[in-house]
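Enquirer:
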Amino acid sequence: MTSDTTRPEADGPAAPQPDLRTTAGKLADLKNRYHEAVTASGEAAVAKQHAKGKMTARERIDGLLDPGSFVELDEFVRHRTHAFGMEAKRPYGDAVVTGTGTIHGRQVAVYSQDFTIFGGSLGEVAGEKIIKVMQLALKTGVPIIGILDSGGARIQEGVVALGKYGEIFRLNTAASGVIPQISLIMGPAAGGAVYSPALTDFVIMVDKTSHMFVTGPDVIKTVTGEDVGFEELGGALTHNKVSGVSHYLASDEDDALDYARSLLSYLPDNNLSEPHVFDRPVELETTDADRTLNTLIPDSPNQPYDVTTVIEHVVDDGEFLEVQPLFAPNIVIGFGRVEGRSVGVIANQPSAMAGTLNIEAGEKASRFVRFCDAFGIPILTLVDVPGYLPGTDQEWTGVIRRGAKLLYAYAEATVPLVTVITRKAYGGAYIVMGSKQLGADINLAWPTAEIAVMGGQGAVNILYRGEIKAAEAAGEDVAAVRARLASEYTYNVASPFLAAERGELDGVIEPAATRVSVIKALRALRTKRAELPPKKHGNIPL
4 MTSDTTRPEA
14 DGPAAPQPDL
24 RTTAGKLADL
34 KNRYHEAVTA
44 SGEAAVAKQH
54 AKGKMTARER
64 IDGLLDPGSF
74 VELDEFVRHR
84 THAFGMEAKR
94 PYGDAVVTGT
104 GTIHGRQVAV
114 YSQDFTIFGG
124 SLGEVAGEKI
134 IKVMQLALKT
144 GVPIIGILDS
154 GGARIQEGVV
164 ALGKYGEIFR
174 LNTAASGVIP
184 QISLIMGPAA
194 GGAVYSPALT
204 DFVIMVDKTS
214 HMFVTGPDVI
224 KTVTGEDVGF
234 EELGGALTHN
244 KVSGVSHYLA
254 SDEDDALDYA
264 RSLLSYLPDN
274 NLSEPHVFDR
284 PVELETTDAD
294 RTLNTLIPDS
304 PNQPYDVTTV
314 IEHVVDDGEF
324 LEVQPLFAPN
334 IVIGFGRVEG
344 RSVGVIANQP
354 SAMAGTLNIE
364 AGEKASRFVR
374 FCDAFGIPIL
384 TLVDVPGYLP
394 GTDQEWTGVI
404 RRGAKLLYAY
414 AEATVPLVTV
424 ITRKAYGGAY
434 IVMGSKQLGA
444 DINLAWPTAE
454 IAVMGGQGAV
464 NILYRGEIKA
474 AEAAGEDVAA
484 VRARLASEYT
494 YNVASPFLAA
504 ERGELDGVIE
514 PAATRVSVIK
524 ALRALRTKRA
534 ELPPKKHGNI
544 PL
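Using my numbering, the letters of the sequence shown map in sequence onto residues 4 to 545.
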C-alpha cells in the first residue's frame with residue numbers, strides 16, 4: 004500500500020458500517036472508504052498483475068517516490084457512466100492514482116494508471132484526474148511523471164473519453180519546455196494513448212512488458228494482410244532500437260523507476276530554475292588518468308575508438324547517464340556533471356558507422372539540444388565526424404529537411420555551448436556539430452583534429468588527379484603516392500592550427516587537458532546572457 008501519513012490506516016478488512024451520527028462513526032467511515040479506495044481492484048486482479056511481472060499502480064509510485072512522501076489526490080472520485088451496466092461498478096479512484104511527492108527531496112507530481120481497474124482505461128473522470136495533477140504541476144513548477152499501463156480509451160464512454168485525451172495532449176504541449184515531463188510505459192499504450200508520452204521529454208519502456216502502437220496487430224492483419232506480433236510491432240526493443248520513440252530500455256520495472264529517479268537528478272524543476280548543484284572541490288590539475296587520452300586516437304584515421312572514454316574522463320567521477328543508447332548509436336547523447344553542475348553531452352561515435360551523421364542521428368541529437376536549451380543545461384559537444392552518410396535511402400527519406408533540424412537546434416540555442424574536436428570535422432557535418440559559426444561559445448580542438456571540406460583521401464582524388472596519373476604512368480607505387488599527398492593535404496589544409504590562426508578555434512589543447520579546459524570554459528560561460536529576436540516561434544523543418 005502506498006505510504007501517506009495524511010490518510011488513515013487502511014490495512015486489514017473493512018469495518019462494519021459505522022454510526023454516522025457520531026464523530027467516531029464518521030472517522031470510522033473515512034477509514035472504511037480509504038480502505039475501499041486503496042483495495043478497489045481486489046486481490047485476484049492484483050495477483051493477475053503480479054503474475055505478469057508487473058507492479059500495481061500504487062506499488063510503482065512507492066518505488067518511484069521517496070518513502071512516505073506521497074500525498075494522494077482525488078482518491079474518492081468515481082465515474083459517472085450508467086451505460087452498458089457501468090453503474091453497477093463504480094470503484095474509487097477510477098483506474099488512475101494521482102498525487103504529489105518527492106524524489107531525492109524534490110517535489111514532483113505523478114499519475115499512475117491502474118490496469119487492475121477497467122484495464123487502466125481512460126474515461127471522463129480518470130482523464131479529469133490526470134488533467135488536474137498536470138495543471139497542478141504547471142502551476143507549481145514541478146516535474147510531472149506519468150506511469151502508463153492502459154488499454155486505451157474507455158469504449159463505454161465514447162467521445163467523452165476521447166475528448167480527455169485531447170485536453171491531456173494540449174497540456175503536454177503547454178508544459179513542453181516549462182517543466183520536465185517523463186513517461187514510463189509499464190504495459191500497453193495503444194491508439195490515441197501513445198501521443199501523450201510522445202509529447203513528453205523522455206519515454207522509458209520495460210523489456211517484454213511495454214507496448215506502444217497506434218494500430219494493433221489484428222487491425223494491421225485485417226487491413227493490410229501483414230502478420231506482425233505485439234513485440235515486433237511495438238515492443239520496448241523496437242521503440243528503443245528502431246523507431247527511437249523510447250529513450251531507455253529497462254530490464255524490469257525496478258530498473259525503469261531507478262532510471263527515472265537518476266534522470267531527474269540532472270534536471271531542474273522548471274525552466275526558471277537550475278538543476279541541483281552538488282558541491283565538490285575540483286583540482287585543476289591533469290591526472291595520470293587524464294593522460295591516457297593522449298594515446299586514445301589511433302594513428303590511422305580509419306581506426307575507430309569509443310568516444311564514451313572521452314566523456315567519462317570529462318564528467319565528474321566518470322558518471323554518464325546515456326539517453327537513447329540503442330537508437331542511432333553513431334551519436335551519443337546523455338547527461339553528466341562538471342564541477343557538480345549538470346551538462347548535456349553530444350558526441351559522434353567513431354565505433355558505430357564511423358561516426359557519420361544520418362537522419363536518425365540528426366533527429367536524436369537535435370531534440371536533445373532543444374531540451375537542454377529549454378531547461379538551461381549547458382551543452383558539451385565532442386566532434387569526430389567524417390560527414391553525412393551517403394546513399395539514395397538517406398536522400399529520398401529527407402536527409403536535407405530532417406538533417407537541418409540539428410542546424411536549427413544549435414543555431415537557436417542560447418545556453419553555454421562548448422565544443423571539442425577530437426579528430427575529423429569534415430564538410431557540412433563540421434558546421435552542424437556545434438561549430439563557432441552556429442553560435443558555439445568556446446571551440447577547442449585536439450592536435451589530432453582535421454578540419455576541412457573533406458578528408459585527405461577524397462581531396463587527393465580531386466586536387467591531385469594529374470599527379471596520380473603521372474605516378475601510374477611512371478610505374479610508381481600509387482598507394483604510397485596517395486598516402487603522401489593525403490598527408491600533405493591534411494597538414495597544409497586541415498590542420499587545427501590553421502583554424503586557430505583564423506579564429507575559428509579558441510585553442511588547440513592536449514587531450515589530457517580536456518577536462519580542465521572544459522571546466523574553465525563552463526566557468527567563464529556561467530553568466531552568459533543571450534536572446535533571440537522577438538517572434539512568436541520559429542519554423543523548424545519538422
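Beta carbons: idealized from backbone N, C-alpha and C, even for Gly. These numbers were taken from a predicted model, which means no experiment stands behind them.
Measure the Cβ-Cβ separation of Leu383 and Asn351 and say whether it is below 8 Å.
Expert: No. Outside cutoff.
Enquirer: Please determine, among Asp255, Ile349 and Met208, the residue with the shortest C-alpha to C-alpha distance to Ser249.
Expert: Nearest option by C-alpha distance: Met208.
Enquirer: So, at 6 Å on beta carbons, what are the nonlocal neighbours of Ser369 in its own chain, with the 5 sequence-adjacent residues on each side left out?
Expert: Within the same chain, Ser369 has close Cβ partners Lys408, Leu409 and Ala412.
Enquirer: DSSP three-state call for Gly365: helix, strand or coil?
Expert: The answer is helix: DSSP assigns Gly365 an H, G or I state.
Enquirer: Which residues does DSSP list as the beta-bridge partners of Ala454?
Expert: One detail in the question is off: residue 454 reads as Ile in this sequence, not Ala. Looking at the DSSP assignment, Ile454 forms a beta bridge with Ala428.
Enquirer: Indicate whether Gly123 and Asp152 have their beta-carbon atoms separated by less than 8 Å.
Expert: In this structure, Asp152 lies closer than 8 Å to Gly123 by Cβ.
Enquirer: Find out if the Cβ-Cβ distance for the pair Leu528, Asp444 is shorter than 8 Å.
Expert: Against a cut-off of 8 Å, the Cβ pair of Asp444 and Leu528 comes out as a contact.
Enquirer: Take the Cβ of Asn305 as the centre, count every other Cβ of all protein chains shown within 10 Å, and call the residue buried at 16 or more, exposed below.
Expert: Burial call: exposed.
Enquirer: Mind the definition here: the region 390 to 404 touches the region 361 to 380 only if three or more C-beta pairs lie below 8 Å; say whether that holds.
Expert: At 8 Å Cβ cutoff, the stretches touch.
Enquirer: Taking only runs of the beta strand (DSSP E) that begin and end inside the region 128 to 166, which ones reach a length of at least 3 residues, in chain order?
Expert: Within the region 128 to 166, the complete beta strand (DSSP E) runs of at least 3 residues are 147 to 151.
Enquirer: Within 10 angstroms of the Cβ of Gly149, are there 16 or more other Cβ atoms? Answer buried if so, exposed if not.
Expert: By the 10 Å Cβ count, Gly149 comes out buried.
Enquirer: Can you tell me which residues form a DSSP beta bridge with Thr384?
Expert: Note: Thr384 sits in a beta bridge opposite Ile349 and Thr422.
Enquirer: Return the bridge partner residues of His214 from the DSSP annotation.
Expert: In DSSP, His214 forms a bridge with Pro191 and Gly238.
Enquirer: Give me the Cα-Cα distance between Val388 and Gly102, rounded to the nearest whole angstrom.
Expert: Taking the straight line from one Cα to the other gives about 46 Å.
Enquirer: Looking at the secondary structure, which residues open and close the alpha helix (DSSP H) in which Gln110 lies?
Expert: Segment Arg109 to Gln116 is the beta strand (DSSP E) holding Gln110; no alpha helix (DSSP H) there.
Enquirer: Whose CA, out of Asp204, Glu75, His540 and Gln159, lies closest to the CA of Gly180?
Expert: The shortest C-alpha separation from Gly180 is found at Asp204.
Enquirer: Short check: CB of Ala416 to CB of Lys367, under 8 Å?
Expert: Not a contact, by the Cβ cut-off of 8 Å.
Enquirer: First and last residue of the beta strand (DSSP E) that includes Asn446?
Expert: Taken as a continuous stretch (DSSP letters only), the beta strand (DSSP E) holding Asn446 covers Ile445 to Ala448.
Enquirer: Go to Lys465, then tell me how far its alpha helix (DSSP H) extends in each direction, as first and last residue.
Expert: Note that residue 465 is Ile in the sequence shown here, rather than Lys. Here the alpha helix (DSSP H) through Ile465 covers Gly459 to Leu466.
Enquirer: Could you name the residues of the same chain whose beta carbon sits closer than 7 Å to that of Ser254, not counting the 5 residues immediately before and after it, in chain order?
Expert: Counting only Cβ-Cβ distances below 7 Å, and skipping sequence neighbours, we find Asp210.
Enquirer: In the region 263 to 331, which residue ranges form an unbroken alpha helix (DSSP H) of at least 4 residues, counting only runs that do not cross its ends?
Expert: Here the runs fully enclosed are 291 to 294 and 311 to 317.
Enquirer: Thinking C-alpha only, which one of Phe216, Pro381, Ala497 and Asp65 is nearest Ile522?
Expert: Nearest option by C-alpha distance: Pro381.
Enquirer: Is it buried or exposed for Lys531, if we count other Cβ within 10 angstroms and need 16 for buried?
Expert: With fewer than 16 Cβ atoms within 10 Å of its Cβ, Lys531 is classed as exposed.
Enquirer: Between Ala533 and the rest of its own chain, which residues show a CB-CB distance below 6 Å, the 5 nearest in sequence each way excluded?
Expert: Excluding residues within five positions, the ones whose Cβ falls inside 6 Å are Thr417.
Enquirer: Quick check on Ala497: buried or exposed, where buried means 16 or more other Cβ atoms within 10 Å of its Cβ?
Expert: With 16 or more other Cβ atoms within 10 Å, it is buried.
Enquirer: By the three-class DSSP mapping on this structure, what secondary structure does Met4 have?
Expert: Low per-residue confidence applies at Met4: pLDDT is 41, beneath 50, and the placement is therefore not dependable enough to give any value.
Enquirer: For Glu75, name the three-state secondary structure that DSSP assigns.
Expert: Three-state result, Glu75: strand.
Enquirer: To which residues of the same chain is Ala40 closer than 7 Å at the C-beta, ignoring the five residues directly before and after it?
Expert: Cβ within range, chain order: Glu78, Phe79, Tyr95 and Gly96.
Enquirer: If Val99 sits next to Leu67, beta carbons under 8 Å apart, how far is it from one beta carbon to the other, in whole angstroms?
Expert: That belief does not hold up - the Cβ atoms of Val99 and Leu67 are roughly 15 Å apart, past 8 Å.
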